[in-house]
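Working notes for the structure below.
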Amino acid sequence: MTGSQEQDNTPTHVDRATTHGIVVGVDGSEQSVSAAKWAAREAELRGLPLTLVTAYTMPVFAASALEAGYGVPDDTLIRDGAMQVLQGVVNQLGSLQVPLVHRVEMGDAAGVLVDYSAEANLLVAGTRGRGGFFGRLLGSVASALPAHAKCPVAIIPKGEHSTRAAAGVPVIVGVDGSEQGRVAALAAALEAEVRQAPLRVVIAMPPISGAVAWLPATVDEQSMVAEMREKLEAGVQWLRSEFPSLQISADIVDGVPVDVMVNESRTARLTVVGTRGHGGFTGALLGSTSQGVISHAHGPVLVVPYLKDSRLAHRASFGPTFS
């Protein structure tokens, strides 16, 4: 979405009544099968329908044939091939406790999935996907989705079939002081609540010496850290007011935001980041951080787009904002 487009004003803490439920893009690759299995578990966890989508385009020779004056090729065989790929993924999912819909669409994969996201609770895709129908690079599709999807996007690495459901494994969210960071924190709290998992809130703090090199020598570095921690604790208090039964911890971690969140993903049940968030206190650009985390995370990543949320108005009751 761009700034000129209408923002979705649905609160992130309420599952929207949507047509498609959990949507996952598949192309027959191992990565997309992993994404489909993860999405199936999410659909059952939430009691939502699962929608599998594969997309295809006419090969290059079709356009060449048209330019040469030949007739339009029949796309029946191509569509049938796409359907076979899709059915193969469906067969690997086995029996599900929720409705399953599978669809074949003609068009660019990323564009098709973005269209579906308008009526989805969650969009799921694999990363580093190579091959599948007509060599579709699902990884590149996944990297394009967070910037345009109208709902949260889960990116699932190859082989990630489990939900990391061991007791005590946290959902981890990175915040940076922006309003979008707070929206991501709300989404992460919901994910933790659904999974009955603890929530860990993390602020990445680049090395102080570099971060304050331009400031007057009178700046007290310890005071800066103390101020950041005060604001973080105020944010945690606000989250607890919205999710009183949720176990929440918070920490300031030294390091570049991408490196910090990638490292956190090693022990996370789910790593949550926002997009298009221009950082406040730490000056992090959360949108670019999300792309770096997607590329290198060791587990599932949830990227949360900006969604208006009435609970942001309550934030002022719990001390200063992060920024």
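Under the working numbering, the first residue of the sequence shown carries the number 37, and numbering increases by one thereafter.
No residue lacks a Cβ here, since even glycine has one placed at the ideal position from N, Cα and C.
Given the structure is predicted, the values throughout are model-derived calculations rather than measurements.
Beta strand (DSSP E) segment containing residue i, residue limits
i: residue 302; result: Where residue 302 is concerned, there is no enclosing beta strand (DSSP E), given that its DSSP letter is neither H nor E.
i: residue 87; result: 86 to 92
i: residue 351; result: No beta strand (DSSP E) contains residue 351, which DSSP labels as neither H nor E.
i: residue 57; result: 57 to 61
i: residue 183; result: Neither: residue 183 is in no beta strand (DSSP E) and is coded neither H nor E.
i: residue 209; result: 207 to 211
i: residue 134; result: Element bounds for residue 134: n/a, residue is neither H nor E.
i: residue 343; result: Neither: residue 343 is in no beta strand (DSSP E) and is coded neither H nor E.
i: residue 162; result: 156 to 162
i: residue 333; result: No beta strand (DSSP E) contains residue 333, which DSSP labels as neither H nor E.
i: residue 203; result: Where residue 203 is concerned, there is no enclosing beta strand (DSSP E), given that its DSSP letter is neither H nor E.
Straight-line gap, residue i to residue j (C-alpha atoms, nearest Å)
i: residue 117; j: residue 148; result: 18 Å
i: residue 47; j: residue 214; result: Here the model assigns residue 47 a pLDDT of 35, short of 50, so the residue's position is not dependable, and the following value carries that caveat. Their Cα atoms are separated by approximately 17 Å.
i: residue 336; j: residue 72; result: 13 Å
i: residue 152; j: residue 240; result: 33 Å
i: residue 217; j: residue 82; result: 24 Å
i: residue 159; j: residue 300; result: 23 Å
i: residue 309; j: residue 332; result: 13 Å
i: residue 348; j: residue 311; result: 17 Å
i: residue 206; j: residue 334; result: 14 Å
i: residue 131; j: residue 271; result: 42 Å
i: residue 61; j: residue 146; result: 9 Å
i: residue 233; j: residue 74; result: 17 Å
i: residue 58; j: residue 267; result: 35 Å
i: residue 173; j: residue 237; result: The predicted model places residue 173 with a pLDDT of 39, which falls under 50 and marks its position as unreliable, so this point remains unresolved.
i: residue 365; j: residue 142; result: The structure shown does not extend to residue 365, since the chain spans only 37 to 359, so no value can be given for it.
i: residue 274; j: residue 264; result: 15 Å
i: residue 125; j: residue 327; result: 27 Å
i: residue 78; j: residue 114; result: 31 Å
i: residue 189; j: residue 343; result: 13 Å
i: residue 140; j: residue 93; result: 11 Å
i: residue 302; j: residue 210; result: 14 Å
C-beta contact flag for residue i and residue j at 7 Å
i: residue 282; j: residue 224; result: no
i: residue 162; j: residue 68; result: yes
i: residue 330; j: residue 191; result: yes
i: residue 90; j: residue 56; result: no
i: residue 242; j: residue 292; result: yes
i: residue 135; j: residue 339; result: no
i: residue 80; j: residue 133; result: yes
i: residue 184; j: residue 150; result: yes
i: residue 194; j: residue 70; result: yes
i: residue 325; j: residue 294; result: yes
i: residue 76; j: residue 208; result: no
i: residue 229; j: residue 279; result: yes
i: residue 84; j: residue 157; result: yes
Start and end residues, alpha helix (DSSP H) containing residue i
i: residue 148; result: 145 to 153
i: residue 287; result: That residue, residue 287, is in no alpha helix (DSSP H); its beta strand (DSSP E) goes 284 to 290.
i: residue 228; result: 215 to 231
i: residue 79; result: 66 to 82
i: residue 118; result: 112 to 129
Cβ-based burial, residue i [other Cβ within 10 Å; buried from 16]
i: residue 345; result: buried
i: residue 306; result: buried
i: residue 38; result: Below a pLDDT of 50, predicted positions are generally treated as unreliable, and residue 38, at 36, falls in that range; the measurement from the model is reported next regardless. Per the 10 Å Cβ criterion, exposed.
i: residue 65; result: buried
i: residue 235; result: buried
i: residue 137; result: exposed
i: residue 203; result: exposed
i: residue 290; result: exposed
i: residue 127; result: exposed
i: residue 212; result: buried
i: residue 277; result: exposed
i: residue 63; result: buried
i: residue 112; result: exposed
i: residue 231; result: buried
i: residue 351; result: buried
i: residue 154; result: exposed
i: residue 262; result: exposed
i: residue 287; result: exposed
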